[in-house]
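For my numbering, count along the sequence shown from 1 and bump the result up by 37.
Note that CB positions come from ideal geometry on N, CA and C, so glycine has one too.
None of the values given here were measured: they were computed from a predicted structure.
Have a look at the structure below before the remarks.
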Amino acid sequence: MTRLALPLLTTLLLMLVATGARAGEVLVAVAANFTDPARQLAERFEAQTGHRARLSFGSTGKLYAQIVHGAPFEVLLAADSRHPAMIEERGLAVAGTRFTYARGQLVLWSPLPELFQDGETYLAASGSAPLAIANPRTAPYGLAARQVLEHLHRWPAMQDRLVRGDSIAQTFQFVATGNAEAGLVALSQVRAWPDQTGSLWPVPTGYHQPIAQQAVLLTRGEDNPAAYAWLAFLRSDSGRAQIRHFGYHLDASGQGAER
Numbered sequence: 038m039t040r041l042a043l044p045l046l047t048t049l050l051l052m053l054v055a056t057g058a059r060a061g062e063v064l065v066a067v068a069a070n071f072t073d074p075a076r077q078l079a080e081r082f083e084a085q086t087g088h089r090a091r092l093s094f095g096s097t098g099k100l101y102a103q104i105v106h107g108a109p110f111e112v113l114l115a116a117d118s119r120h121p122a123m124i125e126e127r128g129l130a131v132a133g134t135r136f137t138y139a140r141g142q143l144v145l146w147s148p149l150p151e152l153f154q155d156g157e158t159y160l161a162a163s164g165s166a167p168l169a170i171a172n173p174r175t176a177p178y179g180l181a182a183r184q185v186l187e188h189l190h191r192w193p194a195m196q197d198r199l200v201r202g203d204s205i206a207q208t209f210q211f212v213a214t215g216n217a218e219a220g221l222v223a224l225s226q227v228r229a230w231p232d233q234t235g236s237l238w239p240v241p242t243g244y245h246q247p248i249a250q251q252a253v254l255l256t257r258g259e260d261n262p263a264a265y266a267w268l269a270f271l272r273s274d275s276g277r278a279q280i281r282h283f284g285y286h287l288d289a290s291g292q293g294a295e296r
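Below, the structure is given as structure tokens:
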């Protein structure tokens, strides 16, 4: 009886585990620069795990404000490390879950071919063509853009030329639609642009502070298995390969060094 009962009990336990492991859903706040990668990652995530990731996009600063005021997000994918750390300090994130999922690359881009080869020369020229940047107060890529212009001693002189987007997504649209001749945007956005022609200058990383984009599990997602699965997927080989495809940098382990 014991020999017969043990395999049967094991089978029943496995069936119960399988029944309990139903597909779930996680609500993710995503920095605007990561829009296209996040959408593709969400498709793969659902295919591989059965869980669904519902994505909301915006500038990191505005997403932070929404979280502080009670927005029901369960995971934050920020475009910097400062805002996730501030959320931790407020007790709105699960301790020990914060990590760098990508390191961003800022570029000067225009859909116009041969507009520039050396972006530094273009930015130093005394023209009047509008230049798009994201709002430095709410968007980490906007802050990096300001640091670049300050590094080149062009920040005061270019105030009349700047077109500021609420997010890096809006900034990119200003350039793509011709409302600005060029803009300081995320390389990932250019990689997702269907027309690969244009002018592109990768900004040297020493011209601005590193863009370490961090993820963190929010307290609203502490009991949600889908939220943990999403974060694990970002750190998986499949997730890392997709992030790298869009032009982000990763360290050898697939995560940034900052915690």
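Using a Cβ distance threshold of 8 Å, L100 and A75 do not count as a contacting pair. Here L114 really is in contact with V67; their C-beta atoms are around 5 Å apart, less than 8 Å. Under DSSP, L92 takes part in a beta bridge, and its partners are V65. Secondary structure remark: continuous alpha helix (DSSP H) runs of at least 4 residues inside the stretch 93-167, in chain order: 97-105, 119-126, 156-161. Taking C-alpha positions only, D155 is separated from R89 by approximately 43 Å. Sequence-distant partners of S275 (beyond 5 residues in either direction) whose C-beta falls short of 8 Å from its own C-beta, in its chain, are R81, Q85. By the Cβ criterion, the stretch 210-229 is in contact with the stretch 148-162, since at least three pairs of Cβ atoms, one from each stretch, lie closer than 8 Å. Look at V185 here: in three-state DSSP terms it is helix.
Within the DSSP secondary-structure output, W238 pairs in a beta bridge with L145. With 16 or more other Cβ atoms inside 10 Å of its own Cβ, D117 counts as buried. The Cβ atoms of L254 and A263 lie no closer than 8 Å to each other.
In terms of Cα proximity to P167, the closest of V185, M195, R140, Q77 is M195. By the neighbour-count criterion, in which a residue is buried when 16 or more other Cβ atoms sit within 10 angstroms of its Cβ, T234 is exposed. When C-alpha distances from I248 are compared across H120, D203, E187, the shortest belongs to H120. In the DSSP assignment, R76 falls outside any beta strand (DSSP E) and within the unbroken alpha helix (DSSP H) covering 72-86. L186 and I280 have their C-alpha atoms roughly 27 Å apart. In the DSSP annotation of this structure, R191 is not part of any beta strand (DSSP E), being labelled neither H nor E. Under the three-state reduction of DSSP output, Q279 falls in the helix class.
The distance from the Cβ of V200 to that of A176 is about 13 Å, inconsistent with a contact at the 8 Å cut-off. The C-alpha of A229 lies about 11 Å from the C-alpha of N70. Counting along the chain, the unbroken beta strand (DSSP E) around A249 starts and ends at 249-254.
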